[in-house]
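Following: one structure in structure tokens, then a few remarks.
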Amino acid sequence: MRFFSRKTVVFAAALAAFAVSGCSREPEGPDYVLTYAENQPEDYATTLGAYEFARLVEAETDGRIVIRVVSDGELGDEKEIWKQLKLGGIDFARMSLSPLVDDLPKLNVLFLPYLYRDDTHMWAVLDGEMGEEFLAEFEGSGGKALSWYDGGARNFYTVHGPVRSPEDLEGLRIRIQSSEMMEDLVEALGAVPVSMAFSEVYAGLQTGVIDGAENNWSSFESSGHYRVAGYYTVDEHSRVPEVQLVSESAWEKLSAKDREILLRCAKESAAYEREMWKRQQEEAERAVREAGCTVTELSAEEKEAFYRCVEPVYDKYCAEYMDIVEKIRKIGEHEREE
Ligand code: GCU
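Note that my numbering has the sequence shown beginning at -18, numbered continuously upward.
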């Protein structure tokens, strides 16, 4: 038998709580509600990293800092997000390094073509002292860098046929991120670079405005580009690290304790993102192959032919940083020889 309806019980409980609290206090809300921009979809590894970051920060600050993740590029393309972040209109963002180099040219070093032997090599660089030094490079730019996220290796993909050598790229219109170095890289391989926002690439491929593009497995799959450009060449021309940023104006408002929490949570979320990334990359590769795309793997000699074409890019962008390039090349080298 029920003596009270559910509604009555809830009402009575609310009344009791009202009496206990002395009826005067408003329920306490967070001290800060901050926005986090992400241009990938909800289930993408970097977005999952962002949600993990938001979860950790909220838990560690007992709800004082709430971070709202806005995914799918809803806050604009990366160039726009960077502009907004510098102005303090957006508080956090995860970004690829390419669109940042107009302001921070030294970052070009980190995604020079064919720089890293593999992802273990890249992570040995980013997890070490050098990674911290590059994060510090952002000082005074309007954005503070918190941690590195994985963005895999970028590969070329095309609409009309496979690419096995630079000759196969000759004259093809290839979409690039907004970066002068990427422009020179594609030009050095004989193709025609076309800079365009990531969100416009699908239509560009479909309508023939471009003949191809370049990106990692995860983006190739999740963007659906593989449906309109079915030839993927695993040349791994660049690994473009991704970075988690906070606007300097948001950072300045926070206490030393909160800053320390943000930094710690950013690093923890980065470790989580890397796990998610591995999983997504594998699944993306499987899905793309199952969908019937032609995947072209290159031998070491074939890769070498690409590298020879793009070598001048090193002189143009990193002549003054060749000592850093040499240091990067040496990192982890002895472990390989053993
Ligand atoms: C990757 C990266 C994005 C970037 C995109 C691009 O997918 O994760 O942040 O916008 O490359 O090619 O523009």
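Backbone N, C-alpha and C fix where the C-beta goes; we use that ideal spot for every residue, glycine too. The structure presented is a predicted model; accordingly, all values stated were derived computationally and were not measured.
- For Q261, the closest of I48, G132 and E301 by C-alpha to C-alpha distance is G132.
- Beta-bridge partners assigned by DSSP to F137: E195 and T214.
- Contact between R145 and E292 is absent: CB atoms are separated by about 20 Å, not below the 8 Å threshold.
- The alpha-carbon of I71 is positioned some 43 Å away from that of E148.
- Burial state of P22 is exposed, judged by a 10 Å Cβ sphere holding fewer than 16 other Cβ atoms.
- For N196, the CB falls within less than 7 Å of some heavy atom of the ligand GCU.
- Only exposed fits S236, as fewer than 16 other CB atoms lie within 10 angstroms of its CB.
- Annotation: the continuous alpha helix (DSSP H) that includes S230 extends over E229 to K234.
- Taking all protein chains shown into account, S200 has 16 or more neighbouring C-beta atoms within 10 Å of its C-beta and is therefore buried.
- Taken through DSSP and simplified to helix, strand or coil, V144 comes out as coil.
- Judged by the Cβ position, N20 qualifies as a neighbour of the ligand GCU at the 7 Å threshold, a heavy atom of the ligand being closer than this.
- The Cβ-Cβ distance between A18 and L56 falls below 8 Å.
- A distance criterion of 7 Å places the beta-carbon of M76 in contact range of the ligand GCU, judged by its closest non-hydrogen atom.
- For P174, there is no enclosing alpha helix (DSSP H); the residue is part of the beta strand (DSSP E) that begins and ends at V173 to S176.
- Remark: the C-beta of E9 is outside contact range of the ligand GCU, defined as less than 7 Å to any heavy atom.
- As for any beta strand (DSSP E) of minimum length 3 sitting wholly inside the segment 223 to 288, the runs are 223 to 228 and 275 to 278, ordered along the chain.
- The three-state secondary structure of T27, taken from DSSP, is helix.
- For Q158, the shortest separation between its Cβ and any heavy atom of the ligand GCU lies below 7 Å.
- Inter-residue distance for S52 and I62 is about 12 Å (C-alpha atoms, whole angstroms).
- Between the ligand GCU and the CB of T16, the shortest heavy atom gap is not smaller than 7 Å.
- Between the alpha carbons of A268 and S204 lies a gap of roughly 13 Å.
- The segment 113 to 127 and the segment 217 to 228 touch, with three or more beta-carbon pairs separated by less than 8 Å.
- Around the beta carbon of D216, 16 or more other beta carbons sit within 10 angstroms, so the residue counts as buried.
- Here R270 is exposed. Its C-beta has fewer than 16 other C-beta atoms within 10 Å.
- Within the DSSP secondary-structure output, G124 pairs in a beta bridge with S228.
- For T27, the shortest separation between its Cβ and any heavy atom of the ligand GCU lies below 7 Å.
- The Cβ neighbour count for Y212, taken over all protein chains shown within 10 Å, is at least 16; the residue is labelled buried.
- Looking from the CA of Y302, the closest CA among F92, L243 and T214 belongs to F92.
- Checking the 7 Å criterion, the Cβ of S52 is out of range of every heavy atom belonging to the ligand GCU.
- Here H315 is exposed. Its C-beta has fewer than 16 other C-beta atoms within 10 Å.
- Scanning E202, V167, G10 and R208 for the CA closest to the CA of L186 turns up R208.
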